[in-house]
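Working notes, structure below.
There are 6 protein chains.
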Amino acid sequence: MRPSGRDLSEMRAVSIETGVTKHAEGSCLIRMGDTHVLCTASLEERVPPFIKGSGQGWVTAEYGMLPRSTSSRMRREAQAGKQGGRTVEIQRLIGRSLRAGVDRNALGERQITVDCDVIQADGGTRCAAITGGWVALRLAVNKLMKAGDVSTDPLVSEVAAVSCGIYAGQPVLDLDYPEDSEAGVDGNFVMLGDKRLIEVQMSAEGGTFSRAQMDELMGLAEAGVAQLVEAQRAAVA
Amino acid sequence: MRPSGRDLSEMRAVSIETGVTKHAEGSCLIRMGDTHVLCTASLEERVPPFIKGSGQGWVTAEYGMLPRSTSSRMRREAQAGKQGGRTVEIQRLIGRSLRAGVDRNALGERQITVDCDVIQADGGTRCAAITGGWVALRLAVNKLMKAGDVSTDPLVSEVAAVSCGIYAGQPVLDLDYPEDSEAGVDGNFVMLGDKRLIEVQMSAEGGTFSRAQMDELMGLAEAGVAQLVEAQRAAVA
Amino acid sequence: MRPSGRDLSEMRAVSIETGVTKHAEGSCLIRMGDTHVLCTASLEERVPPFIKGSGQGWVTAEYGMLPRSTSSRMRREAQAGKQGGRTVEIQRLIGRSLRAGVDRNALGERQITVDCDVIQADGGTRCAAITGGWVALRLAVNKLMKAGDVSTDPLVSEVAAVSCGIYAGQPVLDLDYPEDSEAGVDGNFVMLGDKRLIEVQMSAEGGTFSRAQMDELMGLAEAGVAQLVEAQRAAVA
Amino acid sequence: MRPSGRDLSEMRAVSIETGVTKHAEGSCLIRMGDTHVLCTASLEERVPPFIKGSGQGWVTAEYGMLPRSTSSRMRREAQAGKQGGRTVEIQRLIGRSLRAGVDRNALGERQITVDCDVIQADGGTRCAAITGGWVALRLAVNKLMKAGDVSTDPLVSEVAAVSCGIYAGQPVLDLDYPEDSEAGVDGNFVMLGDKRLIEVQMSAEGGTFSRAQMDELMGLAEAGVAQLVEAQRAAVA
Amino acid sequence: MRPSGRDLSEMRAVSIETGVTKHAEGSCLIRMGDTHVLCTASLEERVPPFIKGSGQGWVTAEYGMLPRSTSSRMRREAQAGKQGGRTVEIQRLIGRSLRAGVDRNALGERQITVDCDVIQADGGTRCAAITGGWVALRLAVNKLMKAGDVSTDPLVSEVAAVSCGIYAGQPVLDLDYPEDSEAGVDGNFVMLGDKRLIEVQMSAEGGTFSRAQMDELMGLAEAGVAQLVEAQRAAVA
Amino acid sequence: MRPSGRDLSEMRAVSIETGVTKHAEGSCLIRMGDTHVLCTASLEERVPPFIKGSGQGWVTAEYGMLPRSTSSRMRREAQAGKQGGRTVEIQRLIGRSLRAGVDRNALGERQITVDCDVIQADGGTRCAAITGGWVALRLAVNKLMKAGDVSTDPLVSEVAAVSCGIYAGQPVLDLDYPEDSEAGVDGNFVMLGDKRLIEVQMSAEGGTFSRAQMDELMGLAEAGVAQLVEAQRAAVA
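Protein chains in written order, with the working numbering: chain A, 1 to 237; chain B, 238 to 474; chain C, 475 to 711; chain D, 712 to 948; chain E, 949 to 1185; chain F, 1186 to 1422.
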C-alpha cells in the first residue's frame, strides 16, 4: 500500500504550464503532484571554449532548490559558498539528458542554458526538471526556428524522465517524498520519446536488488515516460 | 512622461497571493507590476549565538534572484561561490526593516527566517521583498499564536517599502526597470503602518538632489506605503 | 548629555594630514576624534571592462579595518576568506559617493582606486573614509593635471560625509562609538561642497523616527558637512 | 575490434597488492591494466553528527587523481580550491557502494574512510576504486575483529564494480581509455559478491541504447564482477 | 656601491614609536628607513584547541600589506578571497620567531596575537615586523605583569631580525627594495638578544653562494641585530 | 642515541626508481627510508604570463600529501578548499630550488611542472621531493634534448636537499619523523652538485642554536647531499 493510496504503477497528476516568465526564451512550471519546478531556457549567442569554432551548439543545465522548497529549511547554497555534491550531480544529469535529444550541428554555434529551480519539493525533482526542462528548451528552439536562425529542427525527440523504486518490497512508479525517504532502492530512467534509453541510474542505499527486479522497474518506467511525453506534446502544441 | 504611461504618483498594480507553498509556516507571492517575488517565512526553535539565553527572538532575511528573473541571464550565485555585494546589502536591509516591526521579547527565543526569491524582476525587487516578506512573517506568527506558543502579538505594526526617484527631472513613485536604469537619483523608504520611518536610502548615481526634492520624495513615499499597507491588510485578513 | 560632553551639534576635532605615504599618487590620514583612517588614491591607466572604449574614467573604493583598530580584535578578512557584508556595503557607498563629484569624461579613460584603511576606530569610519578619500583623490587628480594628462578638472566639487542620529531621544551630530552603539536611529549624509545631496541613509535598529526628526537631522548634517569641506579645502590648498 | 585486441567480454589483467603503506589500517594498490589506484582505509573512533549516539557506524570515501595520472596534466584540485563535479559524483558513488556491503550495527559507532587516489589512469578508475576500496576496507575490518573491537563481521559481502559500454556498435566489458572516450554509451555496475545489484549507472553521451542492449550489458557485467570478486578473495585470503 | 650610498654593513635609520593605537594592549610603529610597519599585540583569555588545558600560553602572528604600501597597488587579499603564499609564509615565520623568546608556561593559558601591517614597504618588511612585533608583545606582557596576571616574566629575551644578501657580488646588510629586487641571494636572520640563532633563511633566486659567504653574512647579521636590540630596549624602557 | 639506531651522520637508505608512470615526461619514486614521494615532470609548451615573449622557460613545482600518507589521516586539501600554509611554503621552496639548477634561456619558452606527491611520510618529505623532483626534471629534459627541441642542456647541475637538526643535544643528519617531532632545531639545506648553496633554512621551535652549531650542521649537510647526488646520477645514468 502506497502512502498516497496510488496504485503501484500510477503516476501523480502532471501539469505543465508554459510561458510563466516574460524574460526567458522558453519557460514552464511543471507540477508532478506536489513537486513544482520552474524551468527556463536562456539563449546565448556564444558557446563554451571547448567547442568554439566547431559549428556545433551546446545545451547545459543548472539546478537549484529554494531554501524553503523542503519540509525543513535548507541552507541557501549561495550562502554556503558552493553548490553541494547532490546539486552538481543533478545538474550534470539534466544537461547530459537534454543533450541526448539535440542535434548540436543543427543548433549551430549557440548555447541554451536550462535553469531548473525547485519551488516546492515532494520527491522526484530531478525527473520533473528534465521533463519540464525539455519543454522550456523546445519553446526556446521554436523561437529560434521562427526567427529563421536555425533551419533544421535541432530537437530530434522529446526527453523525459521518471523515477522508480522498490518500496515496501514492491516495485513502484514515480515516488513521492514519503516513499523516496523509505525506499531502499530507487533511481531514475531518462528516455527519448521513442523509449530509447539515455540514462539509467538505479541505486540502493540500505538494500540490494536483483536483475529480475531491474527488469520490472524498467517496464514501469517505460509506461511512465510515455505519459510524460504525452503531457510534453500537449504543452508545446 | 513615464515609459509606462503612469502618473508621477501612480503605483503599479499590487497583488499578494498567500499560502503559495505547502512547507513554509508563512508564504506569499507578491506582484508589483511585472516584479514577482516569492516570500516564505520559516520558523526555527533556535536563535543565533549572540542572543542565546536572552529570552529574545530574531528575525532575519535572505534574498536571491533566479538566474533568468532578469532580461539577460545572470550567473547563479551558488555557482559563483558567493553572494554578491548587492545581494548582501539587500538582505541586510530586509532583515533590519522587518525587525523594526517586531517585539523580540514577545516573540520569545525563536528565529524566523524570511526568504525572498525574485521569480521575475522589473525594478523595485527589494521593496517588494520587504512588503511581501512582512506578509509571510505575519502568517507565520499567526500560526505561532494560534498554537499558543506566543501570547502577546510580537508584530507591533506592518512594515512596507516603496521606491522613489527623480526621473527625467521629476519626482516619481514606484520605479519600474526602465525608469530605474535611467534615474539619476533613486532610493527606498521603509515605514511602519503608521508612517513612522524605519529606513531612508536615497542615492544619486550621476546626479544630485536638493533638500526640497528630498522632501517631495518623502511625500510620495508616504502615499505609496499607505496603499501597500492596505494591500497587506487585505492579504492577511 | 553626550558621553563625550559635546554639544548636540558639535563635531569632533577634525585633522587631515596629507602626503603620508610615498608610493600613492594621493594620500592622507584623516582623524575625526579617535577615528583614524588612512586614505590613498592609486592611479591606473586602465578601466573596468564595462566602460572600455567609452572615453570615460572610473573611480572606485575599497575599505578595510586593521584587526586591532577596534576595542576587541576582529578577525582579519583576508584570513576569513572574504569581505564581510558590512565591508562590501561601505566600500560600495564610498565609491558611489566619490563618483558623484567626478566628471568622468574629463577624467578620461583611467581608473583611480581609493583605499580607505581604518587604523583606529571610534565610530563614523565610513564618513571619515569618504571625507578623507576625497582629499586623496583631489591630490592624485592634481598630479594628473600638473603632468598635463588631463586638461579640464574632473572634480566638480568636494564630497564629504557626516553621521547623525537620535541619541537618548535627541538628534546629535557626528556620533562616536559609545553613541553609535546606543543610538536607535542613525545614518549618514553625503553631500557635495554646495550642500546638494548625494546619499542619505538613515536607519533604525530598535526604534523609528518621524518625518520631522528626519528634517532636523538633515539640518545638523548640513552644518557638519560645511565644516568638513572647510577642512578639506585647507588640507589640499 | 577493440583497440587493445581484447575480446568483447575480456577483462584487463587485474592485480591487487595489499599492505602498500605502513600507516593505514588497510591498504592496497589495485591495477586494472594501466589503471592504478591506491586505496587506503582509515579507522576513526568517531562518527558524523547525524548518527551520533545511534550505535551505528559509517563508511565514507574520498577520491582524487594525481595531477599527472592522466595523459595531459590536470589542475590539482587543492589548487583550484574545490573538488570538481566529477570528483564529488565519484566519491559519493564509492561511499554508497561500499556501505551497501556493510552491516552498520555490527560495525559499531566508528567511521572508516576509504581514500582512493589514482596514480595512473587508463579508464575505469571509479570501478577500480570501488573494487580496491573494498579490499582496503576488508583489511581494516579484519584488524578491528582481530583486536576484538567488533565481534560480528560487519562486512556482509564483497562489493565490486565493472564498467561496460557500447563501443563501435558492440557491447564490451571493462573499457579502457581509448574505448571510453569513443563509446557513445557507457556505465558502471556495482554488485555484491552474490551478484545482487547495488548500483546501475548507464549513460549515453551522443547516442542511445535499447532495453535489449541494457540486458546484454548486464550479462557482461555479471561475468566481469565474478572475476573481480575472485581477485578480491585471493588478495585478502 | 649601494643605491642608497650606504656602507656594506650600514643599517638604515631605525625608529620605534610606541603606544600608537589606543585599543591594543601593546603597539608600535617601526620604521626601518622607508619601511613602516604598524605592530599591535592583542591579548585574549583563550588558547587554541591543541593546548587547551595544558596551562601553557600561545603567541601567534598575522601579517598584511595595505594595498598601496607598495610602488604599484597590490590586490587586497580580503578581496582575492585568500592570503597569498608569501603572506602565509611570513606570518608563520613571525609567530615562530616570537615564540622562541617566550616561556609559554610563565605566560599561562592565554593567547597574544601580534598583527603586523605594512603601511609603507621598501624591503625587509618581515624583519621589521619581527623586531617591531616583539616590542608590541613586550608592552602587552608588561601590562599583564603590572596587573598581576602573570608573576614570572614570560619573555626570556628580545627577538629581532635583519636581512642580508649578496648584492653586486658583495655581502650587504639590511637590504632596501632596490637591492632586494636585484640581489641573487638574500635572506633573514632571526636572533635572541644574546645572538643565539632562532631562524636562518638564506635563499638564492638566480645565483648560488658558498659556505664562506654564508659565514660572512652571518657576521653582518650579528652586528645588525645588536643595533636593533638596542633600539628595542630604548623603546620599551 | 637515535631512535633508529643510526649514527649521527648516517643517512637512511635511499632508492630512486625511475619511469614509474606512463604518462609523465619524467617520473620517479624516491624512497628515503619510509618516506616515499612520487615525482613527475610535465612538459607544457607555454609559460606563465610574466615571461611570455622573453625566450626563457620556467620550472615550477606542486606538492601534496595523500590523506593517509601520515600516521593519522589528514584532511584532503581539495576537500578543505585550499592548500594549507605548510603546503604552499614547501612547493614554493621546491620550485625555487629546482630553478637554481636550470639555465632558463637554454630551456626556451616552455614550462616544466614538477609534481611531488607524498605516498608515505616519515620525515624529510620536502627534501625527498627536491631530490626526486630533480630526477624527474632531468628525465623530462633528456626527452626534450633527444627530440632535438633544445640543443644546449638547460640543467647546469644536480639539485639535492637534506635535512639536519639538533636532536637530544647533538647535530644529526637526515631526521626521520620520531626525531623531527622531538628536535628543537631543524632545517634543510639545498645544494647544487658542486656543494654551492641554494637555500639554507634552519629553524628553532622551542630551542635556539649557536653559530658554531650552525657550522657543524652545514658540514653534515654537505656529506649528505654528496650521497644523494650520487644516487641521482646512478638513477638517470
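Note that beta-carbon positions come from the ideal geometry of N, C-alpha and C, so glycine has one too.
Chain C contact for alanine 972(E) (CB, 9 Å cutoff): Yes, alanine 972(E) counts as interfacial toward chain C.
With distances taken Cα to Cα, identify the nearest neighbour of aspartate 115(A) among Gly133(A), Asp180(A), Glu25(A). The residue with the shortest Cα to Cα distance from aspartate 115(A) is Gly133(A).
Per DSSP, what kind of secondary structure is alanine 735(D) in: helix, strand or coil? In the displayed model, alanine 735(D) falls within coil according to three-state DSSP, outside both helix and strand.
Can you find a C-beta in chain E that's less than 9 Å from the C-beta of lysine 669(C)? No, lysine 669(C) does not count as interfacial toward chain E.
Taking 9 Å as the CB-CB limit, is arginine 92(A) close to chain D? It does: the Cβ of arginine 92(A) has a partner Cβ on chain D nearer than 9 Å.
For chain C, find out if any of its Cβ atoms is closer than 9 Å to the Cβ of isoleucine 978(E); answer yes or no. False, the Cβ-Cβ gap to chain C never drops below 9 Å.
Select from Ala80(A), Asp34(A), Glu62(A), Ile112(A) the residue whose C-alpha is nearest the C-alpha of serine 71(A). Nearest neighbour of serine 71(A) by Cα position, chosen from Ala80(A), Asp34(A), Glu62(A), Ile112(A), turns out to be Asp34(A).
Mind checking if proline 477(C) is an interface residue toward chain E, Cβ cutoff 9 Å exclusive? Interface annotation, proline 477(C): not in contact with chain E, CB-CB separation never under 9 Å.
Nearest to glycine 1354(F) by CA position, among Glu1343(F), Leu1402(F), Asp1379(F), Lys1380(F), is which residue? That would be Leu1402(F), whose Cα lies nearest to the Cα of glycine 1354(F).
Measure the Cβ-Cβ separation of glycine 345(B) and aspartate 390(B) and say whether it is below 9 Å. For glycine 345(B) and aspartate 390(B), no; Cβs fall outside 9 Å.
Segment limits, alpha helix (DSSP H) that includes valine 141(A): Valine 141(A) -> alpha helix (DSSP H) spans 125-146.
Inspect the beta-carbon positions of alanine 871(D) and threonine 824(D) and report whether they are closer than 9 Å. Cβ atoms of alanine 871(D) and threonine 824(D): not closer than 9 Å.
Cutting at 6 Å between CB atoms, please list the residues of its own chain near valine 1370(F), excluding the five before and the five after it. Closer than 6 Å at the Cβ level, and outside the excluded window around valine 1370(F), lie Gly1350, Ile1351, Ala1389, Gly1392, Phe1394.
Output yes if chain C places a C-beta closer than 9 Å to the C-beta of proline 1015(E); else output no. So yes, proline 1015(E) belongs to the interface.
Mind listing which residues of the region 427-456 of chain B have their C-beta closer than 7 Å to chain C's C-betas, in chain order? Leu429, Arg433, Leu434, Ile435, Glu436, Val437, Gln438, Met439, Ser440, Ala441, Glu442, Thr445, Phe446, Ser447, Arg448, Met451, Met455: these are the residues of the region 427-456 of chain B whose beta carbon lies less than 7 Å from some beta carbon of chain C, given in chain order.
Whole-number beta carbon distance between leucine 98(A) and valine 236(A), since they are thought to touch under 8 Å: Approximately 14 Å separates the beta-carbon atoms of valine 236(A) and leucine 98(A); this is outside 8 Å, ruling out the contact.
Whose C-alpha, out of Gln706(C), Asn662(C), Leu649(C), is nearest the C-alpha of leucine 482(C)? From the listed residues Gln706(C), Asn662(C), Leu649(C), the smallest Cα separation to leucine 482(C) is found for Leu649(C).
Is the beta carbon of isoleucine 909(D) less than 9 Å from the beta carbon of arginine 807(D)? In this structure, arginine 807(D) lies closer than 9 Å to isoleucine 909(D) by Cβ.
Comparing the C-beta of serine 655(C) with each C-beta of chain E, is any distance below 9 Å? Judged by the 9 Å Cβ criterion, serine 655(C) is not in contact with chain E.
Interface residues of chain B facing glutamate 563(C) [CB-CB closer than 8 Å]: Gly322, Val325, Glu326, Arg329, listed in chain order.
Using a beta-carbon distance below 9 Å, is aspartate 745(D) in contact with chain F? For aspartate 745(D), at least one C-beta of chain F is nearer than 9 Å to its own C-beta.
Alanine 405(B), DSSP secondary structure in three states: In the structure shown, alanine 405(B) sits in coil (DSSP, three-state: anything other than H, G, I, E or B).
Sorted by chain position, which residues of the same chain lie with C-beta nearer than 6 Å to aspartate 1065(E)'s C-beta, five sequence neighbours on each side aside? Counting only Cβ-Cβ distances below 6 Å, and skipping sequence neighbours, we find Leu986, Gly1012.
Report the rounded CA-to-CA distance for serine 1239(F) versus arginine 784(D), giving the unit in angstroms. About 24 Å.
Once DSSP output is grouped into helix, strand and coil, what is the label at glutamine 293(B)? Correct three-state label for glutamine 293(B): coil.
Test item: CB-CB of leucine 429(B) and alanine 337(B) under 9 Å: With a cutoff of 9 Å on beta-carbon distance, leucine 429(B) and alanine 337(B) are scored as near each other.
Would you call methionine 475(C) buried or exposed, if buried means 16 or more other Cβ atoms sit within 10 Å of its Cβ? Taking all protein chains shown into account, methionine 475(C) has fewer than 16 neighbouring C-beta atoms within 10 Å of its C-beta and is therefore exposed.
Measure from the alpha carbon of glycine 1172(E) to the alpha carbon of each residue in Lys1091(E), Leu1092(E), Asn1136(E), Val1110(E), then state which is nearest. Residue Val1110(E) is the option with its Cα nearest to glycine 1172(E).
Should glutamine 831(D) be flagged as near chain F, meaning a C-beta pair shorter than 9 Å? Answer yes: the Cβ-Cβ gap between glutamine 831(D) and chain F drops below 9 Å somewhere.
Buried or exposed, going by whether 16 or more other CB atoms sit within 10 Å of the CB of proline 1188(F)? By the neighbour-count rule (16 or more Cβ atoms within 10 Å), proline 1188(F) is not buried but exposed.
Strictly by DSSP, which residues pair up with glutamate 992(E)? When DSSP reads this structure, glutamate 992(E) sits in a beta bridge with Gln1059(E).
Under the three-state DSSP convention, the category glycine 1378(F) falls into: Correct three-state label for glycine 1378(F): coil.
Leaving out the 5 sequence neighbours to the left and right, which residues in its chain are closer than 6 Å to glycine 716(D) when beta-carbon positions are compared? Closer than 6 Å at Cβ, skipping near neighbours: no residue.
Residues of the region 803-823 of chain D in Cβ contact with chain A at a cutoff of 8 Å, in chain order, please. From the region 803-823 of chain D, only Arg803, Arg807, Arg810, Ala811 have a Cβ closer than 8 Å to chain A.
Taking 9 Å as the CB-CB cut-off, is glycine 81(A) touching chain B? Cβ-Cβ to chain B under 9 Å: yes for glycine 81(A).
Between arginine 1086(E) and chain C, is there a C-beta pair that is closer than 9 Å? By this cut-off, arginine 1086(E) is not an interface position.
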